[in-house]
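J.: Okay, so the sequence shown: first residue is 1 according to the UniProt record's numbering, each after it adds one.
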Amino acid sequence: MTLKLNRRAFLQWLGVAGAGLGLPACVHGRGGGDRRVIVAGAGLAGLTAAYELVKLGYDVTVLEAQAQVGGRVRTHRRGFTSGQYAELGAVRIPDVHQHTLGYVKEFGLPLVEFTQGEPLYYLKGQRFTHRDGQPWPLELTPREQERGLGMAAEYIAAHFEEFGDPRRGTFPTPAALARYDALTFARYLHEQGASEDWLRLYMAENGTEPPVTGTLAWMAYEAADREWQRTFHIRGGNDQLPRALARRLGERVRLEHAVVRIEQDSRNVRVWYQHGGRTESLQAAHLVCAIPPSLLREVELRPAFSEEKMRLLRELVMAPSSRMWMQTRTRFWSAEGLGGLKLVKTDTPVERLWDLSSVLDGPQGMMMAYMDDQNARAFAAVPATERPEYVLRHVERFFPTIRSEVLAFQGMAWSEDPWVRGAWPNFQPGQGWMLPVLPRPEGRVHFAGEHTSLWTGWMQGAIESGKRVVREITGA
Ligand SMILES: Cc1cc2nc3c(=O)[nH]c(=O)nc-3n(C[C@H](O)[C@H](O)[C@H](O)COP(=O)(O)OP(=O)(O)OC[C@H]3O[C@@H](n4cnc5c(N)ncnc54)[C@H](O)[C@@H]3O)c2cc1C
1 MTLKLNRRAF
11 LQWLGVAGAG
21 LGLPACVHGR
31 GGGDRRVIVA
41 GAGLAGLTAA
51 YELVKLGYDV
61 TVLEAQAQVG
71 GRVRTHRRGF
81 TSGQYAELGA
91 VRIPDVHQHT
101 LGYVKEFGLP
111 LVEFTQGEPL
121 YYLKGQRFTH
131 RDGQPWPLEL
141 TPREQERGLG
151 MAAEYIAAHF
161 EEFGDPRRGT
171 FPTPAALARY
181 DALTFARYLH
191 EQGASEDWLR
201 LYMAENGTEP
211 PVTGTLAWMA
221 YEAADREWQR
231 TFHIRGGNDQ
241 LPRALARRLG
251 ERVRLEHAVV
261 RIEQDSRNVR
271 VWYQHGGRTE
281 SLQAAHLVCA
291 IPPSLLREVE
301 LRPAFSEEKM
311 RLLRELVMAP
321 SSRMWMQTRT
331 RFWSAEGLGG
341 LKLVKTDTPV
351 ERLWDLSSVL
361 DGPQGMMMAY
371 MDDQNARAFA
381 AVPATERPEY
391 VLRHVERFFP
401 TIRSEVLAFQ
411 GMAWSEDPWV
421 RGAWPNFQPG
431 QGWMLPVLPR
441 PEGRVHFAGE
451 HTSLWTGWMQ
461 GAIESGKRVV
471 REITGA
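1) Are the CB atoms of A423 and L290 within a distance shorter than 7 angstroms?
2) Where do the ends of the alpha helix (DSSP H) carrying T474 lie?
3) In this structure, how does DSSP classify D197 when only helix, strand and coil are distinguished?
4) Using 8 angstroms as the threshold, is the region 450 to 461 in touch with the region 298 to 312, meaning 3 or more CB pairs across them?
5) Which residues does DSSP list as the beta-bridge partners of K342?
6) Using 8 angstroms as the threshold, is the region 61 to 68 in touch with the region 32 to 51, meaning 3 or more CB pairs across them?
7) Please classify F427: does DSSP put it in a helix, a strand, or coil?
8) Is Q428 near G214, with beta carbons less than 7 angstroms apart?
9) Which stretch, first to last residue, makes up the beta strand (DSSP E) that contains G295?
10) Roughly how many whole angstroms lie between the Cα atoms of R267 and G57?
11) Would you check if the distance between the CB atom of L316 and the CB atom of P142 is smaller than 7 angstroms?
12) Hey, G83 and D361: beta-carbon distance below 7 angstroms or not?
13) Closer than 6 angstroms by C-beta to P292: which residues in its own chain qualify, once you throw out the five before and the five after it? Chain order, please.
14) Ligand 1 and W419: does any heavy atom of the ligand fall closer than 6 angstroms to the residue's C-beta?
15) Around the C-beta of G411, are 16 or more other C-beta atoms found within 10 angstroms, so that it is buried, or is it exposed?
16) Which residues in the same chain have their Cβ closer than 6 angstroms to the Cβ of L245, if we skip the five residues on either side of it in sequence?
17) The beta strand (DSSP E) that contains D59, what's its start and end?
18) Hey, is I291 close to ligand 2, as in C-beta under 6 angstroms from one of its heavy atoms?
19) Would a C-beta distance cut-off of 7 angstroms place A380 and S322 closer than the cut-off?
20) Would you check if the distance between the CB atom of S357 and the CB atom of A45 is smaller than 7 angstroms?
21) For S415 and A384, I'd like the C-alpha separation in whole angstroms.
22) Which residues in the same chain have their Cβ closer than 8 angstroms to the Cβ of R200, if we skip the five residues on either side of it in sequence?
23) The alpha helix (DSSP H) that contains L392, what's its start and end?
24) I'd like the ranges of any alpha helix (DSSP H) spanning at least 4 consecutive residues and lying wholly in the region 297 to 342.
25) Which of helix, strand or coil does DSSP assign to L23?
26) Label P172 either buried or exposed according to how many other C-beta atoms from any shown protein chain fall within 10 Å of its C-beta, with 16 as the threshold for buried.
27) So, for K309: in the same chain, excluding its five sequence neighbours on each side, which residues have a beta-carbon less than 8 angstroms away from its beta-carbon?
28) Using the three-state DSSP reduction, which class does W419 fall into: helix, strand or coil?
29) Measure from the C-beta of F305 to each C-beta in chain B and report whether the shortest distance is under 7 angstroms.
30) Can you tell which of V288, A285 and V259 has the C-alpha that lies nearest to the C-alpha of residue 492?
31) Compute every distance between the C-beta of A258 and the non-hydrogen atoms of ligand 1, then say whether any falls below 6 angstroms.
32) Between the beta-carbon of Q145 and the beta-carbon of W136, is there less than 7 angstroms?
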């Protein structure tokens with residue numbers, strides 16, 4: 001079955017189409033005076049929906065499977081000295097993420113900015129830094145030699161108009177949809193004239209997903225954040241954001257309550273959950289389903305959702321992403337004049353090394369190997385106890401003193417996390433049809449989560465989706 005993706009459907013996906021467009025007429029106002037809402041999942045999406053509904057006087061209960069809130073916003077503080085920590089999930093807040101920054105301001109959380117610096121490259125076995133005007137030791141076209149990563153302006157940004165603007169509801173244009181839905185982003189870049197080595201450079205900067213990710217999805221997030229310049233972090237750890245929301249919800253958040261069944265009819269929705277070895281249920285007028293699709297596919301549905309939604313739950317792939325954090329005795333790379341968040345860009349199995357030290361206190365350094373797709377899978381295939389050695393073996397190719405520097409490690413393979421099973425959706429070529437289906441309500445069930453938003457893979461997407469479901473439920 002081929003499902004056609006059209007403009008109107010995309011407008012719904014973006015939530016810019018005006019109140020009620022495309023929603024079943026019965027959604028708004030159903031349930032009469034019943035203001036009970038159940039929220040499944042206490043990640044940022046579910047917490048946002050709950051918080052905004054409570055502000056409007058709704059009676060909300062949040063069911064969260066884990067013993068903690070925050071989902072993919074997880075700050076690991078144990079095992080490091082000087083109060084340093086590892087962000088296992090969300091690290092960066094771009095200056096254009098107004099939903100995230102809006103909550104940071106509302107809850108009075110302190111921000112700190114990542115500093116810029118000179119990166120190190122380790123590509124094709126060569127260790128080098130690069131200054132404007134110098135030749136790259138890579139097989140690039142003459143224009144790529146001249147502009148380096150700046151070629152993104154020609155290969156990507158110059159085509160934004162052809163694709164449409166996701167923030168204005170004009171994405172994708174019918175022509176872009178017809179032409180690009182079947183292409184991986186790597187293939188798209190090659191069609192624009194990008195050489196193999198330019199793609200290598202681009203992936204060392206942005207991750208290794210372009211050979212598997214569809215062009216529409218990648219262009220949507222390139223275009224959405226096109227004005228991004230500065231990057232922030234919540235001083236002391238990003239988990240303060242979900243915790244601030246949860247604090248305001250108090251006992252409405254029920255931890256270790258795993259949703260296992262959703263039943264609905266024309267008047268109510270009943271949600272069954274497991275808690276303390278028992279299976280119990282709650283009834284409400286609406287359910288906000290803010291659990292990842294990889295988990296929702298295992299929840300029993302009575303009746304089943306529409307054919308498109310069920311197909312989506314079967315076929316949507318969650319991307320693997322793995323990380324290894326290394327606290328170091330010193331910030332030894334600064335002696336070489338190196339620095340900045342994207343500290344080392346490589347084509348080795350450890351992919352990218354980010355330097356988080358600039359937002360942390362203490363004299364020690366904090367580096368993170370950040371691996372996507374095949375590299376993330378290869379890391380996850382290594383037994384947990386051998387992962388530090390696996391990473392060190394690769395890192396010492398460009399930082400030979402690393403072994404004498406490392407004080408502590410913390411690894412994370414998101415494909416192994418039982419409550420997400422991946423990092424974010426990886427929309428594959430031909431899966432553009434999923435984008436408008438993801439947020440579409442099914443009767444009394446409304447869908448939130450980063451995966452239902454234009455900003456997939458961002459806290460901004462989770463928060464934006466939480467606010468969208470509130471508009472659906474209230475009919476605002
Ligand atoms: C490696 C990585 C790096 C990232 N980097 C950034 C970044 O730099 N900046 C940024 O802004 N964002 C980043 N993100 C993305 C950001 O963390 C997510 O987009 C966002 O946190 C997702 O929120 P969510 O509420 O949609 O989902 P989640 O956070 O996954 O929350 C879903 C919740 O549902 C719960 N749940 C699952 N199943 C059930 C069930 N059956 N019953 C009840 N509860 C259930 C889960 O336990 C979880 O708490 C990153 C994510 C990862 C993984």
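Note that beta-carbon positions come from the ideal geometry of N, C-alpha and C, so glycine has one too.
T.: Result, derived from the coordinates:
1) The residue you call residue 290 lines up with position 290 of the sequence shown. The residue you call residue 423 lines up with position 423 of the sequence shown. Checking the sequence, you will find Ala at residue 290 rather than Leu. Their beta carbons are not under 7 angstroms apart, which means A290 does not touch A423 by this criterion.
2) Here residue 474 refers to the residue found at position 474 when the sequence shown is read from its first residue. From DSSP, the alpha helix (DSSP H) with T474 extends over M459 to T474.
3) Along the sequence shown, read from residue 1 onward, the residue named residue 197 stands at position 197. Of the three classes helix, strand and coil, the one that applies to D197 here is helix, per DSSP.
4) no
5) Here residue 342 refers to the residue found at position 342 of the sequence shown. Paired residue(s): W354.
6) yes
7) Position 427 of the sequence shown, counted from the first residue, corresponds to residue 427. Looking at F427 - three-state DSSP - the assignment turns out to be coil, as it is neither helix nor strand.
8) Here residue 428 corresponds to residue number 428 of the sequence shown, with the count starting at 1. Here residue 214 corresponds to residue number 214 of the sequence shown, with the count starting at 1. Yes. Within cutoff.
9) Locating residue 295 in the sequence shown gives position 295, where the first residue counts as 1. Position check: residue 295 holds Leu in this sequence, whereas Gly was assumed. Where L295 is concerned, there is no enclosing beta strand (DSSP E), although the alpha helix (DSSP H) it sits in stretches over P293 to L296.
10) Counted from its first residue, the sequence shown places residue 267 at position 267. Counted from its first residue, the sequence shown places residue 57 at position 57. Computed Cα separation, rounded: 20 angstroms.
11) Position 316 of the sequence shown, counted from the first residue, corresponds to residue 316. Position 142 of the sequence shown, counted from the first residue, corresponds to residue 142. Result no, Cβ atoms of L316 and P142 do not sit closer than 7 angstroms.
12) Start at 1 with the first residue of the sequence shown, and residue 83 comes out as number 83. Start at 1 with the first residue of the sequence shown, and residue 361 comes out as number 361. In contact: G83 and D361 (Cβ atoms closer than 7 angstroms).
13) What you label residue 292 is simply residue 292 of the sequence shown in a count that begins at 1. Here the set comprises V420.
14) Residue 419 sits at position 419 when you count from the first residue of the sequence shown. W419: yes, Cβ under 6 angstroms from ligand 1.
15) Here residue 411 is taken as the residue at index 411 of the sequence shown, counted from 1. By the 10 Å Cβ count, G411 comes out buried.
16) Along the sequence shown, read from residue 1 onward, the residue named residue 245 stands at position 245. Taken in chain order, the residues that qualify are L47 and Y51.
17) The sequence position of residue 59 within the sequence shown is 59, counting from 1. Element bounds for D59: D59 to L63.
18) In the structure on display, ligand 2 does not appear, and the ligands it does have are ligand 1.
19) By 1-based counting over the sequence shown, the position of residue 380 is 380. By 1-based counting over the sequence shown, the position of residue 322 is 322. For A380 and S322, yes; Cβs fall inside 7 angstroms.
20) Here residue 357 refers to the residue found at position 357 of the sequence shown. Here residue 45 refers to the residue found at position 45 of the sequence shown. Cβ distance not < 7 angstroms, so S357 and A45 don't count as in contact.
21) In the sequence shown, counting from the first residue as 1, residue 415 sits at position 415. In the sequence shown, counting from the first residue as 1, residue 384 sits at position 384. Each residue's alpha carbon lies about 13 angstroms from the other.
22) Counted from its first residue, the sequence shown places residue 200 at position 200. So the list reads L123, K124, L138 and D347, once near-sequence residues are dropped.
23) The sequence position of residue 392 within the sequence shown is 392, counting from 1. That run of the alpha helix (DSSP H) goes R387 to V395.
24) 307 to 315
25) By one-based count along the sequence shown, residue 23 stands at place 23. Since pLDDT at L23 reaches only 24, below the 50 mark, its modelled position is unreliable, and the value read off the structure follows with that caveat. L23 falls in the coil class under three-state DSSP.
26) Here residue 172 refers to the residue found at position 172 of the sequence shown. Result: buried.
27) The sequence position of residue 309 within the sequence shown is 309, counting from 1. Result list for K309: V437, R440 and E442, in chain order.
28) Translated into positions along the sequence shown, residue 419 becomes position 419. Three-state DSSP puts W419 in coil, outside helix and strand.
29) This model lacks chain B altogether, as it is built from one protein chain only.
30) Any question about residue 492 goes unanswered here, given that the chain covers just 1 to 476.
31) Along the sequence shown, one-based indexing puts residue 258 at 258. True, at least one ligand heavy atom lies under 6 angstroms from that Cβ.
32) The residue labelled residue 145 in the question sits at position 145 within the sequence shown. The residue labelled residue 136 in the question sits at position 136 within the sequence shown. It is a contact, given that the beta carbons lie within the stated cut-off.
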